[in-house]
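4 protein chains.
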Amino acid sequence: MYSYSFPVRYYEADPMGIVHHSEYVRYFECCRNNWLDDCGYGVAECAADNIVFPVAKLDMRYKYSARFGDVVTVTTEIEEFTGARITMHQQVLNAEGKLCVDGHITLGFMNSKTGMVMRCPEKLAAIIEKELNKQ
Amino acid sequence: MYSYSFPVRYYEADPMGIVHHSEYVRYFECCRNNWLDDCGYGVAECAADNIVFPVAKLDMRYKYSARFGDVVTVTTEIEEFTGARITMHQQVLNAEGKLCVDGHITLGFMNSKTGMVMRCPEKLAAIIEKELNKQ
Amino acid sequence: MYSYSFPVRYYEADPMGIVHHSEYVRYFECCRNNWLDDCGYGVAECAADNIVFPVAKLDMRYKYSARFGDVVTVTTEIEEFTGARITMHQQVLNAEGKLCVDGHITLGFMNSKTGMVMRCPEKLAAIIEKELNKQ
Amino acid sequence: MYSYSFPVRYYEADPMGIVHHSEYVRYFECCRNNWLDDCGYGVAECAADNIVFPVAKLDMRYKYSARFGDVVTVTTEIEEFTGARITMHQQVLNAEGKLCVDGHITLGFMNSKTGMVMRCPEKLAAIIEKELNKQ
């Protein structure tokens with residue numbers, strides 16, 4: 008399981024004083040992108056190879072509110088990889104380890120030059136398979 | 008069914024040129040808030056009466072990308088109201104009427120003074136019931 | 008003077024309950040983009056013609072806070088156009104007409120294909136000159 | 008001079024592929040807030056003591072674009088402290104040390120309970136004076 012920690016930013020908190028529910032969707036993405044960087048084939052490099060990741064579905068369960076002043080930890084774990092799509096299980100926890108948000112996101116693979124959906128290219132598939140085996 | 012249309016903002020589009028997937032979560036909220044305003048008991052008034060709406064769960068299905076230059080229409084329909092929670096069915100369509108995102112969001116009711124979850128206060132429940140009957 | 012009105016969005020307000028100072032920068036952009044649309048040569052069309060608008064400088068004076076629940080009006084006026092750069096005077100007012108933010112932004116012109124700064128292309132320059140004469 | 012480094016987030020980049028000009032305003036705030044945390048009297052603690060920091064003015068000079076994939080460094084230096092207001096000089100640099108944005112921001116001090124502007128409270132003023140002496 009990959010994890011990434013960072014402080015909540017002030018502007019991410021809403022008038023209730025809590026992190027806006029849309030921001031966790033962004034936290035998830037930050038963690039996934041850092042994970043891919045860490046695997047040695049980051050999103051910027053993928054983009055240079057014309058690989059982009061359209062989001063197909065997303066579900067979020069909100070359990071507890073993170074606040075400005077909190078340092079949050081976001082986790083990413085591959086749940087399923089079919090070659091055409093990848094589903095990740097992701098969570099946000101606060102500094103006390105309390106689960107704030109639990110979610111799942113499914114991404115496809117698209118050729119950014121043609122705009123066509125495609126199967127996961129080999130180089131990237133090999134990385135994902137390797138990560139799956141480590142989990 | 009309540010609907011609300013507005014142009015995509017430039018900063019909402021990402022390097023792929025499409026609206027970032029987190030922005031639709033915000034579009035949903037804008038539409039819900041306008042709907043409540045329209046019902047005569049807006050979020051700002053609710054907040055003044057110490058009623059806030061913690062998000063419990065959210066799911067999104069991404070079908071087609073909206074882009075900068077598009078005018079989108081967001082819809083809101085009450086799916087279920089139990090007194091303790093309300094679930095809305097929401098969609099984002101582009102100007103051609105093509106479905107971009109289909110989603111569901113479940114909100115609770117909280118007393119912002121005590122921070123305690125509560126049942127939907129009577130005045131608001133009456134409005135929701137009236138809307139449900141109109142649908 | 009071009010003006011554009013819209014309601015403050017919930018997520019744009021911060022824990023102080025006021026619109027975050029970075030959001031006015033976005034409000035300015037929304038108004039400028041709508042103005043250009045209105046002139047018949049919108050940002051999306053400009054982008055299709057490889058014209059983009061890098062921001063060179065920006066200054067903001069914050070006078071009064073807009074809040075969630077407010078409908079704001081944003082204004083745009085051309086202050087100076089040299090052919091190489093355009094400076095706009097922009098303001099945000101609340102529903103009572105109270106000045107919230109007063110600012111100036113200077114944009115250049117760039118060929119998005121070559122990444123090179125350029126003089127304002129003729130078609131666009133003609134539109135800007137026409138607007139300047141109307142002011 | 009205080010500095011804070013972090014990777015550009017994907018959603019902060021716009022269709023030009025560069026960090027949206029409004030995001031640097033947020034980067035500045037993140038760095039200021041971390042600096043105050045580091046001084047031992049963070050924004051969350053200040054808020055608990057009813058001290059908030061309304062922005063009075065802001066100017067930004069955009070020199071070079073940061074991109075998704077970049078790690079940026081944001082700096083904060085006190086430029087002037089009058090007791091009623093504080094002005095900070097801030098910059099954003101990319102990983103090669105190239106200056107992306109150069110800016111200045113002036114903040115006031117407000118009692119969040121009364122909503123009244125006030126002079127900088129003593130505890131905070133002592134911290135700022137100490138930092139000024141270190142610079």
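For the record, the sequence lines run as chains A, E, C and X.
Each residue of the first sequence is one higher than the one before, starting from 8 at the first, in my numbering.
Each residue of the second sequence is one higher than the one before, starting from 8 at the first, in my numbering.
Each residue of the third sequence is one higher than the one before, starting from 8 at the first, in my numbering.
Each residue of the fourth sequence is one higher than the one before, starting from 8 at the first, in my numbering.
Note that the Cβ used here is the ideal one computed from N, Cα and C, for glycine as well.
Remember, it's a predicted structure, so these values are computed and weren't measured experimentally.
Inset, instruction - Check X/R74 in the structure and name its three-state DSSP category. - result: Within the fourth sequence, the letter at position 67 stands for residue 74 of chain X. Reduced to three states, the DSSP call for X/R74 is strand.
Inset, instruction - Just the C-alpha distance for C/K137 and C/R39, rounded to the nearest angstrom, thanks. - result: As a first step, residue 137 of chain C is located in the third sequence; it is residue number 130 there, counting from the start. As a first step, residue 39 of chain C is located in the third sequence; it is residue number 32 there, counting from the start. Cα to Cα, C/K137 sits roughly 16 Å from C/R39.
Inset, instruction - Please name the residue or residues paired with A/Q97 in a DSSP beta bridge. - result: The residue you call residue 97 of chain A lines up with position 90 of the first sequence. Bridge partners of A/Q97: A/T83, A/G110.
Inset, instruction - Assign A/S29 to one of three DSSP states: helix, strand, or coil. - result: Here residue 29 of chain A refers to the residue found at position 22 of the first sequence. If DSSP states are grouped into helix, strand and coil, A/S29 belongs with the helices.
Inset, instruction - Please list the partners that X/F75 has in chain E, where partner means a Cβ-to-Cβ separation under 7 Å. - result: Taking the first residue of the fourth sequence as position 1, residue 75 of chain X is located at position 68. What X/F75 touches in chain E: P22.
Inset, instruction - Grab me the residues of A/V50's own chain with a C-beta within less than 8 Å of its C-beta, minus the 5 sequence neighbours each way, in chain order. - result: In the first sequence, counting from the first residue as 1, residue 50 of chain A sits at position 43. N40, L43, D44, F60, listed in sequence order.
Legend entry - the region 119-127 of chain X / the region 52-66 of chain X touching (three or more Cβ pairs under 8 Å): A contact is defined here as three or more CB-CB pairs under 8 Å, and the region 119-127 of chain X meets this definition with respect to the region 52-66 of chain X.
Inset, instruction - Give me whichever residues DSSP pairs with A/E64 in a beta bridge. - result: Residue mapping note: residue 64 of chain A aligns to position 57 of the first sequence, counting from 1. A small fix is needed here, since residue 64 of chain A is Lys in this sequence, not Glu. Looking at the DSSP assignment, A/K64 forms a beta bridge with A/T113, E/R68.
Inset, instruction - Going by DSSP, name the residue or residues bridged to A/F88. - result: Looking up residue 88 of chain A in the first sequence gives position 81. A/F88 pairs with A/I93.
Inset, instruction - Answer yes if the region 90-104 of chain X comes into contact with the region 74-87 of chain A, meaning at least three C-beta pairs across the two stretches below 8 Å, and no otherwise. - result: Judged by Cβ distances under 8 Å, the region 74-87 of chain A makes no contact with the region 90-104 of chain X, as fewer than three pairs qualify.
Legend entry - Nonlocal neighbours in the same chain, by C-beta distance under 7 Å from A/L139, ignoring five residues either side: In the first sequence, the residue the question calls residue 139 of chain A occupies position 132. Closer than 7 Å at the Cβ level, and outside the excluded window around A/L139, lie I85, F88.
Inset, instruction - Counting only the same chain and skipping the five closest in sequence on each side, list residues whose C-beta sits under 8 Å from that of C/Y69. - result: Looking up residue 69 of chain C in the third sequence gives position 62. Cβ neighbours of C/Y69 beyond the five flanking positions: H28, Y31, C107, V108.
Legend entry - Three-state secondary structure (DSSP) of C/Y48: Here residue 48 of chain C is taken as the residue at index 41 of the third sequence, counted from 1. In the structure shown, C/Y48 adopts coil according to DSSP, grouped into three states.
Legend entry - C/A73 versus C/Y17: straight-line alpha-carbon distance, rounded: Working through the third sequence from its first residue, we reach residue 73 of chain C at position 66. Working through the third sequence from its first residue, we reach residue 17 of chain C at position 10. Taking the straight line from one Cα to the other gives about 12 Å.
Legend entry - Of the listed residues C/R33, C/K141, C/I134, nearest to C/I112 (C-alpha basis): For the purposes of this step, residue 112 of chain C is identified with residue 105 of the third sequence, where counting begins at 1. Closest by C-alpha distance to C/I112, out of C/R33, C/K141, C/I134, is C/R33.
Inset, instruction - Classify E/G90 as buried or exposed, calling it buried when 16 or more other Cβ atoms lie within 10 Å of its own Cβ. - result: Locating residue 90 of chain E in the second sequence gives position 83, where the first residue counts as 1. By the 10 Å Cβ count, E/G90 comes out exposed.
Legend entry - Test item: CB-CB of C/P22 and A/G24 under 9 Å: Translated into the one-based positions of the third sequence, residue 22 of chain C becomes position 15. Translated into the one-based positions of the first sequence, residue 24 of chain A becomes position 17. Using a Cβ distance threshold of 9 Å, C/P22 and A/G24 count as a contacting pair.
Legend entry - For X/F35 and C/K130, the rounded distance between their alpha carbons: The sequence position of residue 130 of chain C within the third sequence is 123, counting from 1. The sequence position of residue 35 of chain X within the fourth sequence is 28, counting from 1. Approximately 37 Å, taken between the alpha carbons.
Legend entry - Backbone CA spacing between A/S12 and X/T83 [nearest angstrom]: Counting from 1 along the first sequence, the entry for residue 12 of chain A is found at position 5. Counting from 1 along the fourth sequence, the entry for residue 83 of chain X is found at position 76. Taken atom to atom, the span from the alpha-carbon of A/S12 to that of X/T83 is near 23 Å.
Inset, instruction - May I ask which residues mark the beginning and end of the beta strand (DSSP E) holding E/S119? - result: Position 112 of the second sequence, counted from the start, is the residue given in the question as residue 119 of chain E. Taken as a continuous stretch (DSSP letters only), E/S119 belongs to no beta strand (DSSP E), as it is neither H nor E.
Inset, instruction - On a CA-only basis, which of C/A133, C/A132, C/M95 is nearest C/M8? Give me that one, please. - result: Your numbering for residue 8 of chain C matches position 1 in the third sequence. Answer by Cα proximity: C/M95.
Inset, instruction - Look up C/A133 in the DSSP assignment and say whether it is helix, strand or coil. - result: Residue numbering aside, residue 133 of chain C sits at position 126 when the third sequence is read from its first letter. C/A133 carries a helical assignment under DSSP once its states are collapsed to helix, strand and coil.
Inset, instruction - Using a cut-off of 7 Å between C-beta atoms, extract the partners of E/M67 located in chain B. - result: Given the protein chain composition of this structure (A, E, C and X), no chain B is represented.
Legend entry - A/G47 vs A/I135 beta-carbon contact at 9 Å: Residue numbering aside, residue 47 of chain A sits at position 40 when the first sequence is read from its first letter. Residue numbering aside, residue 135 of chain A sits at position 128 when the first sequence is read from its first letter. No, Cβ-Cβ distance for A/G47 and A/I135 is not below 9 Å.
Legend entry - Pairwise C-alpha distance: A/D66 and C/E19: Taking the first residue of the third sequence as position 1, residue 19 of chain C is located at position 12. Taking the first residue of the first sequence as position 1, residue 66 of chain A is located at position 59. If you take the alpha carbons of C/E19 and A/D66, they lie about 23 Å apart.
Inset, instruction - Could you check which residue in C/F116, C/G104, C/S10, C/Y71 has the C-alpha nearest to that of C/V26? - result: For the purposes of this step, residue 26 of chain C is identified with residue 19 of the third sequence, where counting begins at 1. It is C/Y71 whose Cα lies nearest to the Cα of C/V26.
Legend entry - Under the three-state DSSP convention, the category C/A55 falls into: Here residue 55 of chain C corresponds to residue number 48 of the third sequence, with the count starting at 1. The DSSP-derived three-state label of C/A55 is helix.
Inset, instruction - Assign A/G104 to buried or exposed, taking buried as 16 or more other Cβ atoms, counted over all protein chains shown, within 10 Å of its Cβ. - result: Against the first sequence, residue 104 of chain A aligns to sequence position 97. Taking all protein chains shown into account, A/G104 has fewer than 16 neighbouring C-beta atoms within 10 Å of its C-beta and is therefore exposed.
Inset, instruction - Please list the partners that A/R33 has in chain E, where partner means a Cβ-to-Cβ separation under 7 Å. - result: In the first sequence, residue 33 of chain A corresponds to position 26, counting from 1. Here the neighbours are S29.
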